[in-house]
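Visitor: In the order they appear, the protein sequences are chains A and B. Under my numbering, think of the first position of the first sequence as 1, with each following residue one higher. Under my numbering, think of the first position of the second sequence as 1001, with each following residue one higher. Where is the CB? At the ideal position from N, CA and C, for every residue including glycine. This one's a predicted model, so the numbers in the text were calculated from it and none came from an experiment.
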Amino acid sequence: MAQPRRQPTGSPRAAILGFLLRCVAYWSVALFAVSRLPVIEETGIRLTLGTLQLAYRAIGQDVVRSGNLLIAGGTSVSIVSDCSPHVPFLIFAAVVLAFPTSWRQRALGIVAGGLVIHVFNTIRIMALIGVLIWRPQWFEFAHVYLWQTGTVLVLFGTFALWMQTMKPRLRST
Amino acid sequence: MKFLLRFALWATLVFVPAWFVHPGYERALGTFAARLASPSGTELEITDLELFFPFDLGVFAALVLASSWADWRKRAIMLALGLPPLVVLEVIILAVGLVLLMNSADQEAAGRFVTGLVRIGGLVGATGAWLLLLGREKLSLTTRAWLGG
């Protein structure tokens, strides 16, 4: 005999609100950690610089690194805090941690999401360097556009894909 | 996936006017936040601001406009409901940021905190407002069950 489908308890609005409140709690912790531990930002910048060097070498482009400065294609960019993917990653990680699922799924989401965000960020900076070489007057426009719209798209897309990998955990009524 | 494509399209369209108004908007926001944050009897003058405002409002508008499961009237109402609190949130973020920067003994840590607050606050405010107003309608029963779990 088929089991009746169990329905969730509580209103969807309350559930979403609870989820958002958990997100805010995790974001607050992340924000505090970023401000108190400069190593988070520094690691993000170092990782970005290292990956950019690898990516340019992979496509046969000469690249020189001097401190946080990257010289490629006749132009130079300084990799600063905004160029690091640590803030989008922390936003994403907080959402994944706040989502009621198993710790295994959360770990999978954080690792896969971190990878996707890092790859997107590398492509974003390479695109910006391209803009700087060929259309420098468009740089600021492209920089803000890619940060805001591109980041939200990637975060939404990655979260949606992560959710596809899960099966629901229904509550008993 | 279709929603993401619609969002990308709307975000691009909305970004253009936001780009042209952003210098004046940031100045106005900065002036207002400085008035709120300045200690009594003093005046704060902001000479240079680099924020991602009002692009967060553009992200919210694009999310609402891309929500094709709601009719146009509802989308217009949600825009009207969501935008004013987001503007208030921007002012609060900026005012809190200024107060922290003025009062913190560790300027570097405060700078990192404020940068993170501006970045996270803008994106999270926009997506959170959309999720509460319209996005939740689209969440499948499965997701709702999960979130209720």
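Which term fits residue 149 of chain A, buried or exposed, when burial requires 16 or more other beta carbons within 10 angstroms of its beta carbon?
Guide: It counts as buried.
Visitor: Please list, in chain order, all residues of the same chain as residue 1031 of chain B whose beta carbon is under 6 Å from its beta carbon, the five residues on each side excluded.
Guide: Excluding positions up to five away in sequence, the list is empty.
Visitor: Under 7 Å Cβ-Cβ, which residues of chain B neighbour residue 27 of chain A?
Guide: Near residue 27 of chain A (Cβ distances below 7 Å), the residues of chain B are 1120, 1124.
Visitor: Which value, in whole angstroms, describes the spacing of the CA atoms of residue 98 of chain A and residue 158 of chain A?
Guide: The straight-line gap from Cα to Cα measures roughly 15 Å.
Visitor: Does DSSP put residue 122 of chain A in a helix, in a strand, or in coil?
Guide: Three-state result, residue 122 of chain A: helix.
Visitor: List the endpoints of the continuous beta strand (DSSP E) containing residue 77 of chain A.
Guide: Counting along the chain, the beta strand (DSSP E) containing residue 77 of chain A begins and ends at 75 to 78.
Visitor: Please list the terminal residues of the continuous alpha helix (DSSP H) segment that includes residue 55 of chain A.
Guide: Start and end: 38 to 58.
Visitor: Starting from residue 71 of chain A, trace the beta strand (DSSP E) in both directions and tell me its first and last residue.
Guide: Unbroken beta strand (DSSP E) run through residue 71 of chain A: 69 to 72.
Visitor: Using C-beta distances below 6 Å, list every residue in its chain close to residue 1014 of chain B, excluding the 5 sequence neighbours before and after it, in chain order.
Guide: So the list reads 1058, 1061, 1062, once near-sequence residues are dropped.
Visitor: Consider the Cβ of residue 1086 of chain B: report whether some Cβ of chain A lies at a distance smaller than 7 Å.
Guide: So no, residue 1086 of chain B is outside the interface.
Visitor: Against chain B, with Cβ distances strictly below 7 Å, would residue 153 of chain A count as a contact?
Guide: By this cut-off, residue 153 of chain A is an interface position.
Visitor: Compare the C-beta of residue 56 of chain A against all C-beta atoms of chain B and say whether one is closer than 7 Å.
Guide: By this cut-off, residue 56 of chain A is not an interface position.
Visitor: May I ask you to verify whether the region 1074 to 1091 of chain B touches the region 1038 to 1045 of chain B, counting CB pairs closer than 8 Å and requiring at least 3?
Guide: Too few Cβ pairs lie closer than 8 Å, so no.
Visitor: Between A:56, A:156, A:68, A:106, which has its C-alpha nearest residue 83 of chain A's C-alpha?
Guide: Residue A:68 is the option with its Cα nearest to residue 83 of chain A.
Visitor: In this structure, what does DSSP give as the bridge partners for residue 63 of chain A?
Guide: Its beta-bridge partners are A:72.
Visitor: May I ask which residues mark the beginning and end of the alpha helix (DSSP H) holding residue 1112 of chain B?
Guide: Looking at the DSSP string, the run of the alpha helix (DSSP H) that includes residue 1112 of chain B is 1107 to 1130.
Visitor: List the residues of chain B whose Cβ lies closer than 8 Å to the Cβ of residue 41 of chain A, in chain order.
Guide: Residues of chain B passing the Cβ test: 1112.
Visitor: Assign residue 140 of chain A to buried or exposed, taking buried as 16 or more other Cβ atoms, counted over all protein chains shown, within 10 Å of its Cβ.
Guide: Exposed.
Visitor: Give me the residue from A:106, A:36, A:153 with the minimum Cα distance to residue 166 of chain A.
Guide: Taking only the C-alpha atoms, the option nearest residue 166 of chain A is A:106.
Visitor: List the endpoints of the continuous alpha helix (DSSP H) containing residue 1054 of chain B.
Guide: Where residue 1054 of chain B is concerned, there is no enclosing alpha helix (DSSP H), given that its DSSP letter is neither H nor E.
Visitor: Can you find at least 3 beta carbon pairs, one from the region 1097 to 1107 of chain B and one from the region 63 to 80 of chain A, that sit closer than 8 Å?
Guide: Result no; under three Cβ-Cβ pairs closer than 8 Å.
Visitor: What in chain D is Cβ-close to residue 20 of chain A, meaning under 8 Å?
Guide: Note that chain D does not occur in the displayed structure, where the protein chains are A and B.
Visitor: When the distance is taken between beta carbons, is residue 1119 of chain B closer than 7 Å to residue 87 of chain A?
Guide: Contact flag set, yes.
Visitor: On the CB-based measure, 16 or more other CB atoms within 10 Å of its CB, does residue 1076 of chain B come out buried or exposed?
Guide: Its Cβ having fewer than 16 others within 10 Å, residue 1076 of chain B is exposed.
Visitor: Can you give the beta carbon distance from residue 31 of chain A to residue 1113 of chain B, rounded, assuming they're within the 8 Å contact cut?
Guide: Yes, residue 31 of chain A and residue 1113 of chain B are in contact; Cβ-Cβ is about 6 Å, under 8 Å.
Visitor: The alpha helix (DSSP H) with residue 1082 of chain B in it runs from where to where?
Guide: It spans 1072 to 1103 - the alpha helix (DSSP H) in which residue 1082 of chain B sits, taken as one unbroken run.
Visitor: Looking at the C-beta of residue 1082 of chain B, does it have a partner C-beta in chain A at a distance below 7 Å?
Guide: No, residue 1082 of chain B does not count as interfacial toward chain A.
Visitor: Take residue 1029 of chain B and list the residues in its own chain whose beta-carbon comes closer than 7 Å to its own, dropping the five residues that flank it on each side.
Guide: These residues qualify, in order along the chain: 1053, 1090, 1091, 1094.
Visitor: Using only alpha-carbon positions, find the residue among A:25, A:136, A:114 that is nearest to residue 92 of chain A.
Guide: Among A:25, A:136, A:114, the Cα nearest to that of residue 92 of chain A is on A:114.
Visitor: Along the chain, where does the alpha helix (DSSP H) that runs through residue 1026 of chain B open and close?
Guide: 1002 to 1037 is the span of the alpha helix (DSSP H), which, as asked, contains residue 1026 of chain B.
Visitor: At a Cβ threshold of 7 Å, is residue 4 of chain A touching chain B?
Guide: Residue confidence is low: residue 4 of chain A scores 41 on pLDDT, short of 50, so the model does not pin down where it sits. Its coordinate-derived value is still stated next. Closer than 7 Å: no.
Visitor: Would you be able to state if there are at least three C-beta pairs under 8 Å between the region 1117 to 1137 of chain B and the region 48 to 55 of chain A?
Guide: Counting Cβ pairs under 8 Å, fewer than three are found: no touch.
Visitor: Is the beta carbon of residue 75 of chain A closer than 7 Å to that of residue 133 of chain A?
Guide: Yes, they are a contact pair.
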